[in-house]
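The UniProt record's numbering applies: residue 1 is where the sequence shown begins, and numbers increase by one. Cβ atoms here follow ideal geometry from the backbone N, Cα and C, with glycine treated the same way. Because the structure is a prediction, the values reported are computed rather than measured.
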Amino acid sequence: MFTGPIPPEIGQCHVLQRLHLSGNYFTGELPKQIGKLSQLVSFNVSSNFLTGVIPAEIFSCKMLQRLDLTRNSFVGTIPSEIGALSQLEILELSENQLSGDIPVEVGNLSRLTYLQMGGNLFSGEIPVTLGGILSLQIALNLSCNNLSGPIPTELGNLVLLEFLLLNNNHLSGEIPDSFEKLSSLLGCNFSNNDLTGALPSLSLFQKTGTDSFSGNKGLCGGPFGNCNGSPPFSFHPSDAGGKSVRIGKIIAIISAVIGGISLILILVIVYFMRRPVEMASPLQDKSSSTPISDIYLAPSDEFTFQDLVAATENFDDSFVIGRGACGTVYRADLPSGRIIAVKRLASNREGSNIDNKYAYTLKITEKCDIYSYGVVLLELLTGRTPVQPLDQGGDLVSWARNYIQVHSLSPGILDDRVNVQDQNTIPHMITVMKIALLCTSLSPVDRPTMREVVLMLIESKKIVEHSNSSSSSSSSSSPRHRTYSSDELINVHM
């Protein structure tokens with residue numbers, strides 16, 4: 001663990017792109033010299049003992065995509081210069097002692113997907129400009145502050161938003177009817193405010209328990225029943241602290257279970273993708289391979305996570321056959337005699353893995369895992385890393401969608417090492433590319449379940465085999481290269 005102040009000399013590292021100092025014992029104020037790091041993309045000093053105000057100079061780092069200052073003791077207001085961070089995607093300022101109004105300039109952060117400002121001393125009204133951040137998808141958390149006034153109607157424009165946390169403030173008035181447009185919303189909390197009136201007719205509100213609306217002056221509709229003839233609901237729970245502890249334990253258990261399941265599912269696709277294009281390690285025993293269709297047996301029918309740990313001696317480096325930007329690939333000799341490649345994702349991966357954000361909002365969903373899963377597929381298919389140059393979208397998902405909009409879904413999007421002349425491989429890879437795009441759809445509603453993904457992969461193999469057999473008789477008159485439209489085999493929403 002590092003202690004003491006962060007040295008101001010760090011500002012001399014002009015080519016530094018990622019500065020992660022979280023989980024240490026740094027004290028004192030943030031050095032304003034950090035503002036000289038013009039190439040800085042990610043800055044994380046969470047979980048330290050830093051104090052003082054946030055220096056405005058930090059917002060001179062125009063390349064910043066991720067800024068995490070959570071769990072420190074920063075005070076004062078947020079400088080209005082924050083609105084200049086046009087590339088910012090994730091902003092986390094929670095659990096500090098920041099005060100004053102939330103700057104209206106935050107609404108200028110047009111690429112923001114996650115805004116975490118809970119657990120501070122912010123006051124005043126929620127800026128209506130936040131409703132203009134149409135890219136907000138993962139969460140908007142303004143809970144546990146001193147915010148007052150009405151909830152802006154403009155927040156109903158955040159149609160991609162999945163989690164909205166406004167609890168433990170002094171908000172008044174009604175929940176806007178415009179929230180009926182929040183069709184992507186998966187979780188919300190409006191408890192412990194001064195809200196009144198009928199709940200909007202959003203499906204989520206009708207199904208959400210009363211805990212998400214308790215502690216208000218008078219709300220009706222949804223879980224509280226008809227607004228006519230029944231007294232408004234007002235309830236102040238006394239055991240909120242105990243519930244938070246229990247929820248935290250539950251989330252930890254769920255995270256561990258989902259992590260194990262995701263690892264097993266990912267290795268199935270990694271092995272499947274590497275065989276047809278022969279991108280697997282030379283160590284793989286091709287002579288003992290089985291038909292591809294066998295891969296789609298449920299993992300529990302042949303091996304367990306414990307089998308993988310045993311086969312790799314707890315993922316020892318001696319079993320490593322490759323390393324990538326988001327994880328390491330291991331060789332595993334299963335008890336059945338099959339040799340497979342296992343990709344173990346890095347827990348703090350930069351770029352497109354957003355699972356930890358869902359966990360932080362006390363809600364873990366399969367749709368989050370599906371998105372990360374789709375990114376892994378894109379890595380395998382394109383040979384690119386999750387983080388891409390800013391002029392090409394900044395991340396792999398944006399790069400892929402931009403490419404398809406310009407060039408259509410053609411073999412040129414695939415890894416340069418793939419032989420585009422191989423018409424037994426290219427169609428299948430294009431089909432899996434479409435599945436990856438479905439998994440990374442902007443709206444979680446459009447993303448398939450893991451079961452649906454596996455079924456689509458099985459069906460894609462059958463379709464490609466049928467296409468190959470049908471075209472073999474007329475191959476002399478068919479072109480060797482073709483462009484695949486988005487309505488073939490699987491529909492992809494761009």
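Of all the options the options, which has the alpha carbon lying nearest to the alpha carbon of residue i?
i, options, result
"G119", "T208, L140 and P55", "L140"
"S123", "L155, K217 and S148", "S148"
"Y114", "G393, L164, G394 and W399", "L164"
"P150", "V159, E162, I133 and V128", "V128"
"L19", "L438, V45 and T3", "V45"
"S60", "F49, D333 and Q87", "Q87"
"residue 498", "N226, I34 and N167", "The chain is shown from 1 up to 494; residue 498 falls before or after that span and cannot be answered."
"L121", "I78, S318, N424 and L377", "I78"
"N72", "A56, E29 and G83", "E29"
"L67", "V104, L166, T27 and S22", "S22"
"G11", "I102, N24, I58 and S47", "I58"
"P389", "F43, T208 and M63", "M63"
"L186", "N168, S172, G225 and V159", "V159"
"E89", "S336, D422 and L136", "L136"
"L85", "T70, E162, S110 and E92", "S110"
"Q116", "I138, G225, N108 and V104", "I138"
"L457", "S441, D446, V387 and H428", "H428"
"V104", "N424, M1, D316 and G83", "G83"
"S94", "N108, L112 and S47", "S47"
"Y330", "G218, L438, D415 and F315", "F315"
"G215", "S203, S172 and L202", "S172"
What does a CB cutoff of less than 8 Å around residue i pick up in its chain, not counting 5 residues either side in sequence?
i, result
"E459", "none"
"V75", "T51, G52, V53, N96, Q97, L98 and S99"
"S143", "G118, G119, L165, L166, N167, N168, N169 and N189"
"T3", "N24, Y25, F26 and T27"
"D416", "G383"
So, for residue i: in the same chain, excluding its five sequence neighbours on each side, which residues have a beta-carbon less than 7 Å away from its beta-carbon?
i, result
"H170", "N146, L147, S148, N193 and D194"
"L16", "L37, Q39 and L40"
"G393", "W399 and N402"
"S238", "Unreliable positioning characterises S238 in this predicted model, as indicated by a pLDDT of 43, which lies under 50. A coordinate reading is not provided."
"I426", "P411 and V420"
"L204", "L185 and C188"
"residue 497", "Outside the modelled stretch of the chain, which goes from 1 to 494, sits residue 497, for which no answer is possible."
Using 8 Å for Cβ pairs, my map puts residue i next to residue j. What's the rounded Cβ distance?
i, j, result
"P411", "V420", "5 Å"
"G383", "A436", "That belief does not hold up - the Cβ atoms of G383 and A436 are roughly 13 Å apart, past 8 Å."
"T210", "E174", "No, T210 and E174 are not in contact; Cβ-Cβ is about 17 Å, not under 8 Å."
"S191", "F224", "In fact, because the Cβ distance is near 13 Å, the residues do not count as touching under 8 Å."
"T27", "F49", "5 Å"
"L381", "C439", "Not a contact, Cβ separation roughly 12 Å."
"Q65", "S42", "6 Å"
Any chance the CB of residue i is under 8 Å from a heavy atom of the ligand NAD?
i, result
"P386", "As presented, the structure is devoid of all ligands, the ligand NAD included, so that no description of it is given."
Who are the Cβ neighbours of residue i in its own chain at under 6 Å, not counting the five residues just before and after it?
i, result
"V106", "none"
"P31", "I6 and P8"
"A332", "L308, A311, T312, I340 and V342"
"G221", "A198, L199 and C227"
"P152", "I126, V128 and G131"
"I102", "F122 and P127"
"Q206", "G222"
"P55", "L30 and K32"
"E154", "V128 and G131"
"G156", "P176, S178, F179 and K181"
"P282", "Bear in mind that a pLDDT of 31 at P282, under 50, signals an unreliable position, so the model cannot answer this."
"K357", "Here K357 scores only 40 on pLDDT, less than 50, and its place in the model is too uncertain to base an answer on."
"N108", "G83"
Q: Within the segment 128 to 203, note down every full beta strand (DSSP E) run reaching 3 residues or more, in order along the chain.
A: Whole beta strand (DSSP E) segments, 3+ residues: 139 to 141, 146 to 150, 163 to 165, 170 to 173, 187 to 189 and 194 to 198.
Q) Does the segment 400 to 408 come close enough to the segment 97 to 107 to have 3 or more Cβ pairs within less than 8 Å? A) Touching, no.
Q | Length-filtered (4 minimum) alpha helix (DSSP H) runs lying within the segment 51 to 118 | A | DSSP runs (the alpha helix (DSSP H)) wholly in the segment 51 to 118: none.
Q) In chain order, which continuous runs of the alpha helix (DSSP H) of length 4 or greater are located wholly inside the segment 387 to 462? A) The segment 387 to 462 contains these whole alpha helix (DSSP H) runs: 396 to 407 and 426 to 439.
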